[in-house]
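In my numbering, the protein residues as written are 1 to 774. Quick reminder that beta carbons are idealized off the backbone N, C-alpha and C, glycines included. Fair warning: this is a prediction, and the values are worked out from it, not measured in the lab. First the structure, in the form of structure tokens, and then the observations on it.
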Amino acid sequence: MAGKRKTNPAGSSNPLRGDVLRVLGVLKVATVDQIQRIALPHLTYRHTDKKTPSERKTARTASHLGALADLRKHGLTENGGRTKDGDVLRNLTAKGLEAASYELVRPVGEMGGTACGAGSSGASHPMAVNETVIAMLRPKPDLALLADEPADARAAAQAAVDAPDGIGTIASYATGVPLPTAGTWTTPGRGSAQADIVLTAPEAGVPLLFIEVDNCHETAQEIAAKIDKYMRFFQRKVKDTDGTERPMWRTRWPASEGRYGDVPHPPVLLVFNKVGARNPDNTVRQLAELARRHWEGQPKRGGYHLDDRKIPIVATGLRMLREHGPAGPVFLRLGRDRMEPLLEAIGNRRREDADVRVQEAERDPQEAYRAELKFLAEQKAADRDARRPVCATCGAKFTDERWETTAASPKPGRRWYPTLCGECEDRAIEAGRQADQAERERHQQEEVQAEMRPLQALGLSATAEAAYLALVEQGPQTLSELGDRPTLAGAPADGLQYAVTELGDIGLVSRTDDRLTAQPPRAALEAVAERRAREARIAHDSAALLSRFWLDHTSGSSYVEVVDTSHNSDAIQRRVHDEAVAEVRALWIGPVGGGDREPEIDTDALKAMARGIAYRVVYSATILQDPKALELAHECVDRGEQARVFPDLAMNLALCDNRFAVVSVTAPDRAGHHSVVVQPSGLLDALIGIFESHWRMAVPLPPAGEAVESGASPTSEARQLLSYLSAGLTDESIARELGVSERTVARRIARLQEVLGARTRFQLGVQASRCGWL
1 MAGKRKTNPA
11 GSSNPLRGDV
21 LRVLGVLKVA
31 TVDQIQRIAL
41 PHLTYRHTDK
51 KTPSERKTAR
61 TASHLGALAD
71 LRKHGLTENG
81 GRTKDGDVLR
91 NLTAKGLEAA
101 SYELVRPVGE
111 MGGTACGAGS
121 SGASHPMAVN
131 ETVIAMLRPK
141 PDLALLADEP
151 ADARAAAQAA
161 VDAPDGIGTI
171 ASYATGVPLP
181 TAGTWTTPGR
191 GSAQADIVLT
201 APEAGVPLLF
211 IEVDNCHETA
221 QEIAAKIDKY
231 MRFFQRKVKD
241 TDGTERPMWR
251 TRWPASEGRY
261 GDVPHPPVLL
271 VFNKVGARNP
281 DNTVRQLAEL
291 ARRHWEGQPK
301 RGGYHLDDRK
311 IPIVATGLRM
321 LREHGPAGPV
331 FLRLGRDRME
341 PLLEAIGNRR
351 REDADVRVQE
361 AERDPQEAYR
371 AELKFLAEQK
381 AADRDARRPV
391 CATCGAKFTD
401 ERWETTAASP
411 KPGRRWYPTL
421 CGECEDRAIE
431 AGRQADQAER
441 ERHQQEEVQA
451 EMRPLQALGL
461 SATAEAAYLA
471 LVEQGPQTLS
481 ELGDRPTLAG
491 APADGLQYAV
501 TELGDIGLVS
511 RTDDRLTAQP
521 PRAALEAVAE
531 RRAREARIAH
541 DSAALLSRFW
551 LDHTSGSSYV
561 EVVDTSHNSD
571 AIQRRVHDEA
581 VAEVRALWIG
591 PVGGGDREPE
601 IDTDALKAMA
611 RGIAYRVVYS
621 ATILQDPKAL
631 ELAHECVDRG
641 EQARVFPDLA
651 MNLALCDNRF
661 AVVSVTAPDR
671 AGHHSVVVQP
681 SGLLDALIGI
691 FESHWRMAVP
701 LPPAGEAVES
711 GASPTSEARQ
721 LLSYLSAGLT
731 DESIARELGV
741 SERTVARRIA
751 RLQEVLGART
761 RFQLGVQASR
771 CGWL
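This is the structure in structure tokens:
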């Protein structure tokens, strides 16, 4: 702290010194009161407890006085005399002007002079310029910094905040700007002008405004001479940095080029401060005649003027400007008879109104054309409604969505009723589901009953099974006693004798003195199981031997086997599901081969999933247009299958773990289909890679019942854009076909993605296909 005090004895902060540099960099010379009102306007509403205005002024400017003292110690500012009211004038040194250029982010060459000696005569004109800047700027206090002030002070600050805004910030203004009609910006030639203030605030609707301040000392002739210099400056052309010749003022300030035939020069605002003896009203009237050639535009039939190459000249009083600000109706443009806000005064409102009238006149034929189009659309809608299908059950007319969906798939199928309306179809589907549930329960009951017939599962007859169970329940019996049992009543004698022989052959029944006795089943059945296992091993070895024999005598590959499955399509597929240990992966395009085959649920797959086998399936996007196939896919998903969708799959492929693959293809005669079985090999690895690539690129199968909330049918423009995308055209090609820019194409695609809820363009294609937009 001691070091900072030594550097800045007054203890000012960097922000305060920056405020002073920025304000003086713009105004060139100012009082500490003006600096405070611009930099920290909330201080104006503090220290209201002081007894006199002088004490309040001293208290609220103390911080900036300290900053000025420290800046003066560093050689950046100096005192430049006093105003007529006795206030000390402050201005920048050459070193301070350079420091201010950094604060304002302006080139030093655009900062102007230092205003040394401006206070020798009281600086009445610079003070009027400063007050004009403050009146145009209308700084707003920060109410949060006044929370602890008295109520009347906060009310006054609130009134200032609620008042109409000013224009720009302090950095939007510059004072004492040379306007060279000859020479350069830094060394203007003889006869050049100098603008009191230049305002550039395009964000507030004022791209460029030149302001002249008069203390009512100048005559109308003297002001007209200034306007002449402005015109010469505006008309002067120089070569810009790119070698193009353009008006000199455009090389420093950006501004709109305007419309062809109506490119006015920048406006000039005259601010009169009633200090001198001249009447500003008389001065303005005389000036209007003296400068008419510079401001009067070309009249047009629409009641407006073209201001091409003219200067919009506007006049106001400083007192009115302080009271009402730029938004108040206190500005009079030469050639007009009413007071207007600044933006209207420097604009051409009548030209804008005439443009609106022309547009409205052109709108009438357009309205008639649109009315005709509406009539034709209504007539087309009526014709369409007359052709609308009705429900075969309740007689209700189909909705547009139902009509389009059934037209796309008119053939009935499992849980698909294209002749019914949506509600009736839901009831029919529910009835079908209940019937399916009853059928499943019947099958389950049969399976339970089959599980209760263990001997029949071993190949024994039902009579043999019933005989053994009767002997277990009733104990040893003769053959005739056994035949009298209710479960065996009606069985022929030779059939019963054959059943007893079957049981004796496998050791389940022994005979002693014509009495039959049931034996414990474990040892006998384990012997049967061992014999069956030995037979299975022999069959497996025989299959391997025969396969080698077949390969030795045919041209078949050692790892590819072509199997004709035209008449037994389920056998080879059942191997995939029955032999899977961990996972089954599949690509599915639907039934292949000749005939009109309907898709159906694969019960072997359901059994495999029931025993814990994982399933990952990629369906062709055509499934989205086949309600029956889509319903079957959703049923598999409900059982645990992971499903995704990809467009244009080329084949049906099933992978049993990593052990073998089955590819289903159409037979050469197109009447059936073959299955290609691929054993472990490089080809099997390639098929696995193909599946995994499709799986990564595919999108999840939409949940059952999910609807795309498109809100309306697609427009012709949307259908055309989707058709180009589905054809594979690039954005550049689509833009060329539509006659628009690539950015417009990208924006329209993004809007379609938003409407259809798609994150990628592939998902956009899937969703559009689901909605029937393709």
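Inside the stretch 58 to 96, DSSP marks whole alpha helix (DSSP H) runs of 4 or more residues at positions 62 to 73, from first to last along the chain. Judged by DSSP in its simplified three-state form, glutamate 212 adopts strand.
Looking at Arg293, Val500, Ser12, Pro486, the one whose alpha-carbon comes closest to that of threonine 478 is Val500. Only exposed fits glutamate 222, as fewer than 16 other CB atoms lie within 10 angstroms of its CB.
For arginine 232, no beta strand (DSSP E) encloses it; the enclosing alpha helix (DSSP H) starts and ends at 220 to 235. With contacts defined by Cβ atoms closer than 7 Å, alanine 371 and glutamine 625 do not form a contacting pair. Distance between asparagine 79 and arginine 351, taken at the CA atoms: about 50 Å. Between isoleucine 38 and valine 20, the CB-CB gap reaches or exceeds 7 Å.
Contact annotation: glutamate 149 and arginine 22 have beta-carbon atoms that are not nearer than 7 Å.
The Cβ atoms of glycine 66 and alanine 10 sit closer than 7 Å to each other.
Residue burial annotation: glutamate 289 is exposed, with fewer than 16 other C-beta atoms found within 10 angstroms of its C-beta. The three-state secondary structure of leucine 653, taken from DSSP, is strand. When C-alpha distances from glycine 347 are compared across Leu287, Leu137, Val268, the shortest belongs to Val268. Glutamate 502 is not a Cβ neighbour of leucine 545, given a cutoff of 7 Å. Apart from the 5 residues on each side of it in sequence, alanine 315 sits with its Cβ closer than 6 Å to the Cβ of Leu270, Val284, Leu332 in its chain, given in chain order. In this model, isoleucine 623 and tryptophan 773 are separated by some 15 Å (Cα to Cα). In this structure, the alpha-carbon of alanine 533 lies about 53 Å from that of proline 418.
Going by DSSP, alanine 518 is part of the beta strand (DSSP E) stretching over 515 to 518.
Histidine 577 is bridged by DSSP to nothing; it lacks a bridge partner. DSSP links methionine 339 through a beta bridge to Leu332. Under the Cβ criterion (8 Å, minimum of three pairs), the stretch 40 to 55 does not count as touching the stretch 82 to 96. Residue nearest to lysine 628 within the set Glu55, Ile429, Gly18 is Ile429 (criterion: CA-CA distance).
Assignment of glycine 317 by DSSP, reduced to helix, strand and coil, places it in the strand class. Note on the stretch 144 to 183: whole beta strand (DSSP E) runs with a minimum of 3 residues are 173 to 179, in chain order. According to the DSSP assignment, threonine 187 belongs to no beta strand (DSSP E), since it is labelled neither H nor E.
Rounded to whole angstroms, the gap between the alpha carbons of cysteine 391 and aspartate 426 is 13 Å.
The stretch 162 to 172 and the stretch 296 to 306 do not touch, with fewer than 3 CB-CB distances between them shorter than 8 Å. DSSP places proline 247 in the uninterrupted beta strand (DSSP E) bounded by 245 to 247.
Short of 7 Å from the beta carbon of proline 521, and not among the five residues preceding or following it, lie these beta carbons of its own chain, in chain order: Leu508. Looking only at Asn8, Thr463, Glu218, the smallest Cα-Cα distance to histidine 74 is reached by Asn8.
Around the beta-carbon of isoleucine 538, fewer than 16 other beta-carbon atoms lie within 10 Å, marking it exposed. The three-state secondary structure of glutamine 36, taken from DSSP, is helix.
Residue range 682 to 697 is occupied by the alpha helix (DSSP H) that includes phenylalanine 691, with no beta strand (DSSP E) assigned at that position.
For glutamate 401, no beta strand (DSSP E) encloses it; the enclosing alpha helix (DSSP H) starts and ends at 400 to 408. DSSP, read as helix, strand or coil, puts tyrosine 615 in strand. Classified as buried, leucine 756 has 16 or more neighbouring CB atoms from the shown chains inside 10 Å of its CB.
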